[in-house]
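Below is one structure; the comments refer to it alone.
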Amino acid sequence: MSNVLEKINNFFKEKSWIKVFLIVLMLMFISFQLRAQTADMKFAQDNEFLKNMFSDEHGRMYLLALDPYYYLRLSENLYNNGHCGDTTKIINGKEVPYDLYQYAPPGHPMSWEPPVICLATLAIYYIWHSIDATVTIMNAAFWVPAVLGMLLGIPIYFIVRRVTNSNIGGIVGAIALISAPSLLYKTSAGFADTPIFEVLPILFIIWFILEAIHSQEKTALFKKDLKNPVALFVIIALIIELIIGAYLNITSGESVVIASILFYTISLAFILAGLVIAGIKRLKGNDVEFELFALLAVILTAVAPKMWGAWWYGFDVITAFLVIYIIALALLKSQVKIKEFVDIGNFKNVVCLSIFYILGSLILLTAIYGVGTAISPITSPLGYKQILSTYSQATGWPNVYTTVAELAKPSSWGEIFTNAIGSKTVAIAGIFGIILSFISLRYGKFKFDVKYALLLAIWLSVTLYAATKGIRFASLATPPLAIGLGMLIGQIDRALKMKNDIAVFGLGIPAGLFGLLIVSKYTGKISQILLPTTYVPIIAYGFLIVLALLIIYKISDIVTAINNKKETIIKLSAVLLCIGVVIPQLSAVIPFTTAPTFNNGWKEGLDWIKANTPKNAVITCWWDNGHIYTYEARRMVTFDGGSQNSPRAYWVGRAFATSNENLSIGIIRMLATSGDEAFKKGSVLMNFTHNNVSKTVEILNEILPVSRSKAYEILTKKYGLSDKEAKLVLNATHPEHPNPDYLITYNRMTDIAPVWSMFGFWNFSLPPNTPNEKREKGVFFKGTSYYLGNGTILANVNVYGNNYITLINSTNISTAVVQKVNGQTKIVGTFKIHKLYIKTPLGVREIILNEDGQLSEFIRIESDGRGHAWISTRNLEDSVYAKLHFLDGYGLKHIKLVKASIDPTNFGVQPGFKIYKVDYGTDYLN
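Sequential numbering from 1 applies to the sequence shown in the UniProt record's numbering.
Shown next, in the form of structure tokens:
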């Protein structure tokens with residue numbers, strides 16, 4: 001047996017590339033497996049009803065989140081129309097794709113060039129659909145992030161391995177990245193959005209730059225060796241990239257789609273070819289010319305703007321590093337005495353490398369995008385604070401971004417670290433690892449080396465600074481922190497391999513004991529970690545096979561060293577340390593599940609709109625689900641996740657929060673027909689009020705509820721507009737041929753009432769930057785209700801942890817506030833209800849109970865005697881939303897329920913996805 005193990009060990013030593021290949025394959029499989037967990041729909045807990053609600057007719061789960069449905073619609077348009085628009089229109093004499101549904105009317109023109117995510121989606125679709133005809137574009141989109149996510153660990157592994165010369169460190173760093181909770185969620189299967197494209201380019205660019213720095217001693221171009229195959233490859237690649245990029249920039253119309261596909265294909269081909277060339281040279285034991293890796297970095301930098309708008313931050317980080325590194329080398333190269341302890345590097349070649357990368361990138365960027373994009377690494381940071389700030393109120397309208405949780409400023413470094421990599425401990429270890437990377441142990445001795453650590457330190461500093469401005473930017477710090485953790489483990493691994501007694505027994509034995517302790521703690525979860533999902537069997541069992549091969553190799557490696565006590569401790573300790581670090585990270589995200597928002601209940605309602613409403617119908621809703629509505633119903637929406645920060649946030653919030661039905665209908669009629677015409681910059685009212693938003697809103701709120709003639713009188717007599725000006729305003733607010741409108745309410749809208757009501761009650765006379773907590777808003781608290789018989793109803797609503805009980809019988813209505821004190825349930829008081837609504841199958845009762853009450857209550861009893869209850873702040877007791885969603889339109893004359901379907905996404909009334917038709921009537925034209 002020992003002879004077999006020795007042969008295996010010798011084989012892997014002779015063919016070391018096989019070990020590296022297996023490690024890379026393992027990391028790719030782990031990444032996919034973690035991201036594929038969502039497809040199992042574990043959130044349903046084997047409830048077949050829920051599984052069926054959140055999957056298509058073939059049992060494949062719908063996409064997660066909201067924004068992916070925007071890109072899904074664009075992908076389907078690209079497949080069906082040859083461009084991403086719903087149609088094409090002539091604008092300024094040119095035919096352009098046009099989005100009919102987003103922020104409509106009027107919608108907006110689109111670029112001929114498709115987003116890269118749409119091309120990736122269709123690439124997977126064409127391959128998969130050729131095998132299985134039941135596959136849809138949505139099914140293909142579902143797997144885009146998981147497939148691309150397989151690439152995440154590769155650059156991390158090679159970066160850490162390059163810096164520390166440790167496979168163990170590379171594995172730890174890669175797994176730290178691919179299992180980081182925030183990144184995992186945003187790149188999991190089903191989250192077919194752009195975050196994967198925010199991370200991948202910079203990872204590979206920095207890997208290529210570090211490889212170029214490592215290879216700085218060898219050059220071909222800069223010693224004018226033009227016969228060198230690498231030099232020829234670099235020149236040819238740059239010329240072709242320049243030609244294809246310039247063609248993409250100057251071409252127009254449908255040719256842009258073909259040019260885009262050609263550009264991406266050629267760029268990818270050059271990158272793959274470059275990696276193959278580098279791999280072959282390394283296998284032969286030859287050094288690689290730094291220009292080859294610099295070329296790959298330049299090509300990917302040229303592609304990066306098509307993947308993410310803030311691509312420039314990576315370019316700036318690398319440029320800053322190269323400049324500082326050159327300065328450091330200039331200062332150090334004259335210090336002869338320190339050369340033994342400091343890796344100084346080749347000053348001339350580093351300068352050449354820097355010129356090649358910076359100048360090459362700028363030339364390609366200019367050719368592909370124009371001068372504006374090429375200089376954005378300079379201009380964009382100048383407005384950095386404005387870009388990161390979510391509290392700018394420059395327009396005078398409410399700022400929706402102040403209510404988006406991920407744009408809020410973090411309260412502590414702990415919050416940043418947890419969001420970045422899941423744990424403060426891991427983050428601190430990562431920072432320590434980057435600091436330690438200034439010391440190189442690659443060659444078995446201590447040496448100060450700035451070339452890797454400097455870049456990583458700059459990268460981490462920039463991303464952590466960005467994270468202090470908005471918690472969503474914490475994920476930018478995930479890669480450098482993961483690399484730092486890998487470097488820490490890699491440095492420990494290298495210290496052990498120095499075979500110093502202090503290192504072996506002072507580090508090795510504690511590291512081994514740490515690993516054993518972790519394994520014993522997580523024993524019950526190891527089977528889940530090894531096989532988190534079998535949804536894609538070839539990946540699941542492929543991973544186990546690859547892992548088995550690596551385990552066999554490692555066993556052979558340890559067994560062959562069994563006679564050497566130090567060597568055995570070193571190898572065992574390194575493996576156990578690796579296991580001890582990665583198991584808690586993997587355990588934290590296994591199992592991982594999240595439910596889609598889109599479901600078959602909503603699909604039923606939206607399909608009804610698609611089949612039963614005219615093409616010019618508009619859906620008015622709160623912005624969060626707008627992308628889902630446009631995708632499934634293919635009808636215009638007032639606003640959505642791509643247009644939420646607009647004046648429409650105020651108007652839609654106002655339409656739902658007001659108790660004035662005529663005002664609500666007037667707002668909806670205006671938005672559905674003329675969009676922003678009445679209040680946009682340059683409109684009659686904005687010019688008349690000298691761009692005073694508050695005054696414009698005041699005028700519109702006064703004229704929207706009344707008839708056209710009354711509104712004309714108000715505009716001309718009260719405010720002094722001319723006849724022509726008044727009629728132009730009325731054409732927008734009281735149109736003769738309005739677009740039909742359908743309101744949608746759903747259960748989660750009850751939970752987010754503080755958001756839409758705050759915008760609806762917005763006081764424009766307050767300073768624009770008044771904190772949200774000081775603005776008026778309303779809230780609903782949810783609970784249950786029961787019919788107890790003999791005319792008795794009991795309602796129980798949880799309000800900030802206390803139970804607010806209402807007991808109603810034929811003679812009395814009483815209330816109580818119940819609280820748990822020291823484990824005992826006690827009545828601690830009562831509460832005053834201003835208005836009480838009781839809805840039963842027999843009808844609705846409306847009762848004023850206490851003029852001084854600041855709370856109101858809605859009780860809804862269904863035919864089975866069970867129901868729901870809501871306590872609201874008084875300002876929402878007669879709101880249009882409450883009457884629609886809780887009372888099915890009771891008390892409203894012109895907004896009628898036309899369709900209701902199941903809403904499984906949130907607690908509340910069922911059916912909870914409700915569609916209402918708005919009847920404008922004709923009286924408003926009088």
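Think of the CB as a built atom: it goes at the ideal place given N, C-alpha and C, for glycine as much as any other residue.
Nearest to residue 776 (by Cα), restricted to the options 765, 290, 785, 689: 765
For residue 569, verify whether its CB is less than 7 Å away from any heavy atom of the ligand FMN. The model depicted lacks the ligand FMN and carries no ligand whatsoever.
Can you tell which of 112, 536, 804 has its C-alpha closest to the C-alpha of residue 258? 112
For residue 195, which of 208, 92, 311, 96 has the nearest alpha-carbon? 311
Inside the UniProt domain "STT3/PglB/AglB core" (618-764) only - alpha helix (DSSP H) runs reaching at least 4 residues: 626-633, 648-657, 661-674, 684-688, 693-703, 708-713, 723-733, 748-751, 753-760
Spatial neighbours of residue 875 in its chain, beta-carbon cut-off 6 Å, leaving aside the 5 residues before and after: 778
In this structure, how does DSSP classify residue 75 when only helix, strand and coil are distinguished? helix
Here's the rule: buried if 16 or more other CB atoms are within 10 angstroms of the residue's CB, otherwise exposed. What is residue 815? buried
Taking DSSP as the reference, what is the three-state secondary structure of residue 129? helix
Presumed contact (8 Å Cβ cut-off) between residue 365 and residue 345, rounded CB distance: With a Cβ gap of about 27 Å, residue 365 and residue 345 do not count as contacting.
Nearest-angstrom Cα distance between residue 302 and residue 399? 34 Å
Round the Cβ separation of residue 173 and residue 483 to the nearest angstrom and send it over; I've been treating them as touching at under 8 Å. 5 Å
Is it true that the CB of residue 626 sits closer than 8 Å to the CB of residue 637? yes
Can you check which of these residues, 546, 371, 77, 609, is closest to residue 915 by C-alpha distance? 609
I need the straight-line Cα distance from residue 799 to residue 834, nearest angstrom please. 16 Å
Look at the alpha carbon of residue 526 and the alpha carbon of residue 579, and state the distance between them as a whole number of angstroms. 11 Å
Got a sec, what are the start and stop residues for the alpha helix (DSSP H) residue 182 sits in? 181-186
Please go through the same chain and pick out, in chain order, the residues whose beta-carbon is closer than 8 Å to the beta-carbon of residue 616, but skip the five residues on each side of it. 636, 739, 740
Could you spell out where the beta strand (DSSP E) holding residue 824 opens and where it closes? 824-829
Specify the secondary structure class of residue 392 as computed by DSSP and reduced to three states. Unreliable placement is indicated for residue 392, whose pLDDT of 47 sits below 50; the coordinate value is still reported in the next sentence. Three-state result, residue 392: coil.
In the DSSP assignment, find the unbroken beta strand (DSSP E) run with residue 197 in it and report its ends. Note, residue 197: premise wrong, no beta strand (DSSP E); alpha helix (DSSP H) at 195-214.
To the nearest angstrom, how far is it from the Cα of residue 265 to the Cα of residue 241? 11 Å
Closest to residue 520 by CA distance: which of 546, 584, 461 is it? 584
Residue ranges of each beta strand (DSSP E) run of no fewer than 3 residues wholly in the stretch 139-178, ordered along the chain? none
Hey, residue 696 and residue 686: beta-carbon distance below 8 Å or not? yes
Check the Cβ-Cβ distances between residue 44 and every residue of chain C, and say whether any is below 8 Å. Among the chains in the structure shown there is no chain C, since it carries only a single protein chain.
Please tell me whether residue 897 and residue 908 are closer than 8 Å, where the distance is taken between their beta carbons. no
Would you kindly check if the distance between the Cβ of residue 880 and the Cβ of residue 698 is under 8 Å? no
Which residues in the same chain as residue 758 place their Cβ atom closer than 6 Å to its Cβ, once the five residues preceding and following it in sequence are excluded? 775, 777
Check residue 939 in the structure and name its three-state DSSP category. What the structure shows of the chain is the stretch from 1 to 926, and residue 939 is not part of that stretch, so it cannot be assessed.
What do you get for residue 83, buried or exposed, if any count of 16 or more other CB atoms within 10 angstroms of its CB means buried? buried
Cα-Cα separation, residue 567 to residue 493: 12 Å
Those residues which DSSP pairs with residue 108 across a bridge: 99
CA-to-CA distance, residue 59 to residue 640, given in whole angstroms: 28 Å
Starting from residue 870, follow the beta strand (DSSP E) in both directions and report where the run begins and ends. 866-873
When you compare the CB positions of residue 503 and residue 420, do they come within less than 8 Å of one another, or not? no
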